[in-house]
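One structure below.
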Amino acid sequence: MADKRCAIIGGGLGGLAAAVRIAGYGIAVDLYEQHDHVGGKANELHMEGFRFDTGPSLLTMPFVLESLFADVGEDVRNYFTINPLAQHCKYFYPDSTEITAFADSDDFMREIATKTTESAANVKKYLSYSKGIYGLSADLFLFNDIHEFSTYREQGSPKTLLNLWKLDSLRTVHRANTSFFRDPRVVQLFDRYTTYNGSNPYKAPATLNIIPHVEYNMGSFIVREGIYRIPQALGKLAEKQGVTMHTNRRVERIVHANKQVQGILVDSEMIPYDFVCSNADVVTTYRDLLKDETSRDAKRYRHLEPSSSALVFFWGVRGGVSKKLSVHNILFSSDYKEEFGELFDRKVCPRDPTVYIYCSSLFNPADAPKGNENWFVMINAPYDDGQDWEHETQESRKRIVHKIDSLLHIDIERNVTCERITTPQDIAVQTMSHRGSIYGISSNSRTAAFMRQRNRSKRYRGLYFCGGSAHPGGGIPLVLLSGKICADLVKRFEL
Ligand SMILES: Cc1cc2nc3c(=O)[nH]c(=O)nc-3n(C[C@H](O)[C@H](O)[C@H](O)COP(=O)(O)OP(=O)(O)OC[C@H]3O[C@@H](n4cnc5c(N)ncnc54)[C@H](O)[C@@H]3O)c2cc1C
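Rendered as structure tokens:
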């Protein structure tokens, strides 16, 4: 088997997962990353004694990560520490309601029953509905490639097909949530999970109500040493498996003849490979690496609506400025529908944004100088459509400061000691993601799950896709699964 050679383009989480697994099959793997370090969107930033994770902050479905290590005979605990959170998130509403989403389900239901007009029984019913969607769809939609015929023969899939109606794809997330809850604060809380894949709850199918199950019934987790330890550890794991890491090497082309992949072009040199896995964004792969602007797949994918992006402010903050904060915090907007209209229809940053604050120094004091806190302050932003990002950033910053001051009752401006900013344009440039979208295409239509790029190209033999813009989508567990699906297909079709 070792005479087979594979190139992986990109050292994001999906590329790293694919590299580890493919090398585990005894194939010679070379991974090419254009930057001097792996991680892609999962990166880190150091500033005046503060450390920040620049991309993902929340880890769900840690078993996906653990099994990646276990499958090659390693224990994830030798690399970093995964801890469950006792509070998933703290929610702050414009009417001064504060809701803590406790990990303990009885505590959470009691919190909802105390702070809102909804009953604990209703929340229980909702989480059981969410669990039902996961039970029916996870095998087909998350753990396998829905585009491969063989998937439909496999265990679980026939059951899903017979019960498609139970996946609730005919209603939108918001419509389904309003059928469970009357209190708009609870509807908003559960609508918010649609943003976990960069979509609009007023358009996305209610199948996405699978996400609350993942958080409330399976848990939310932190990596004590920082999320960036994940790609760092995967890089080491890949090398242990024999993967050769080529950092600071940008792949210029995927070379093919008669629709058969032959290798890649790096520094104007053609390097032959038997097959190639692209962890680069799908649109960029077609446009820049395959120089394919005309095939059906290339055109189709280019015209699909990208997911939302993000505007992130990394703030060093004097500690203790707000005693109310948990690790993850949401300060809600007063008109969620308007906010998503601005994001997806008008493509501007919201005038009244929902603000997310993540503070890892609350569980890892080493992330900030003594007596300080590292605030990762993020709002959902439209994908890059040529907006004036300097203007959008300045205006959004004022709105964010106002929201924090009014909901947390503090003067945040006086307590920010240093700052760095990431715009959707920066995300596009740094990670080559199409228009700076975070999660590939949006799920704002019933068919989106089927429109994502399949993991094995039908058009180019020997070309595979992994990462957030390919099936099954973005977010840490899903891109790790895309690496697994990709490796499984390689095993089936290349060995
Ligand atoms: C602000 C933000 C917040 C997020 N929050 C969360 C969260 O809380 N939880 C969660 O689960 N997920 C979150 N995500 C999403 C998550 O980070 C991504 O889904 C995931 O990291 C993407 O991994 P990927 O495999 O698609 O690779 P990417 O991260 O997109 O990396 C692709 C890599 O390929 C490299 N590359 C591209 N083209 C070439 C080339 N031609 N040659 C060589 N190298 C190339 C790039 O440099 C990059 O390193 C967030 C993302 C962002 C940006």
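Using my numbering, you'd call the opening residue of the sequence shown number -16 and step up by one each time.
For every residue, glycine included, the Cβ atom is placed at its ideal position computed from N, Cα and C.
Ligand 1 heavy atom lying under 7 Å from the CB of residue i
i     : result
T267  : yes
V481  : Outside the shown range of the chain, which is -16 to 478, sits residue 481, and nothing can be said about it.
V295  : yes
H130  : no
A159  : no
L272  : yes
V(-4) : Reading the sequence as shown, one finds Leu at residue -4 and not Val. Correct: L(-4) has its Cβ closer than 7 Å to ligand 1.
L41   : yes
S416  : yes
H286  : no
I194  : no
N438  : no
N262  : yes
K24   : yes
M361  : yes
Own chain residues within Cβ distance below 6 Å of residue i, not counting five before or after
i      : result
D257   : K(-13), R(-12)
D78    : none
R273   : Note that residue 273 is Leu in the sequence shown here, rather than Arg. Counting only Cβ-Cβ distances below 6 Å, and skipping sequence neighbours, we find I237.
C117   : The residue you asked about is not Cys; residue 117 is Tyr in the sequence shown. Here the set comprises I193, H196.
D19    : T230, N231
V462   : L(-4), G(-3), G450, G451
A(-10) : D13, I247, Y256, V259
H286   : none
Y443   : H239, K242, V244
Residue i (DSSP reduced to helix, strand or coil)
i      : result
A484   : There is simply no residue 484 to check, as the chain begins at -16 and stops at 478 in what is shown.
R154   : coil
A159   : helix
N357   : strand
I(-9)  : strand
G246   : strand
E131   : coil
Y341   : strand
P214   : helix
M(-16) : For M(-16), the pLDDT reaches just 49, beneath the cut-off of 50, and the residue's location in the model is therefore unreliable, although a value from the coordinates is still provided. Reduced to three states, the DSSP call for M(-16) is coil.
V412   : helix
N61    : helix
R444   : strand
T267   : helix
P39    : coil
H229   : strand
Where residue i falls, given that 16 or more other Cβ within 10 Å makes a residue buried
i      : result
S452   : buried
H29    : exposed
T267   : buried
L145   : exposed
W358   : buried
T64    : exposed
G56    : exposed
K223   : exposed
M(-16) : For M(-16), the predicted structure reports a pLDDT of 49, less than 50, and the residue's modelled location is therefore unreliable. The matter cannot be settled from this model.
P141   : exposed
Q215   : buried
E94    : buried
R34    : buried
W148   : exposed
P67    : exposed
R168   : buried
L191   : buried
Contacting residues, own chain, Cβ-Cβ under 7 Å from residue i (five flanking each side not counted)
i    : result
Q436 : V265, Y284, F448, S452, A453, H454
V338 : L314, V360, I362, I383, K386, I387
A96  : S102, A103
L105 : Contrary to the premise, residue 105 reads as Asn rather than Leu in this sequence. F163, F164.
L464 : V47, L125, F126, P455
Chain-order list of residues whose beta-carbon lies under 8 Å from that of residue i (same chain, five-residue window excluded)
i    : result
S290 : N180, G181, S182, Y366, S420, I421, Y422, G423, I424, S425, S426, G457
F69  : Position check: residue 69 holds Ala in this sequence, whereas Phe was assumed. Here the set comprises F85, A86, D87.
I468 : F126, N127, D128, N438, C449, H454, P455
D166 : T99, T100, E101
Residue i: CB within 7 Å of a non-hydrogen atom of ligand 2
i    : result
P289 : With respect to small molecules bound, the structure shown includes ligand 1 and not ligand 2.
Unbroken alpha helix (DSSP H) run spanning residue i, endpoints
i    : result
N180 : Counting along the chain, N180 falls outside any alpha helix (DSSP H), and DSSP gives it neither H nor E.
S543 : In the structure as shown, the chain starts at -16 and stops at 478, and residue 543 therefore has no counterpart that could be examined.
A1   : -4 to 7
S120 : 103 to 120
R283 : 279 to 286
The beta strand (DSSP E) enclosing residue i, as first and last residue numbers
i    : result
S292 : 292 to 301
D174 : Taken as a continuous stretch (DSSP letters only), D174 belongs to no beta strand (DSSP E), being part of the alpha helix (DSSP H) at 167 to 174.
Y74  : 70 to 75
M253 : 252 to 255
R236 : 234 to 240
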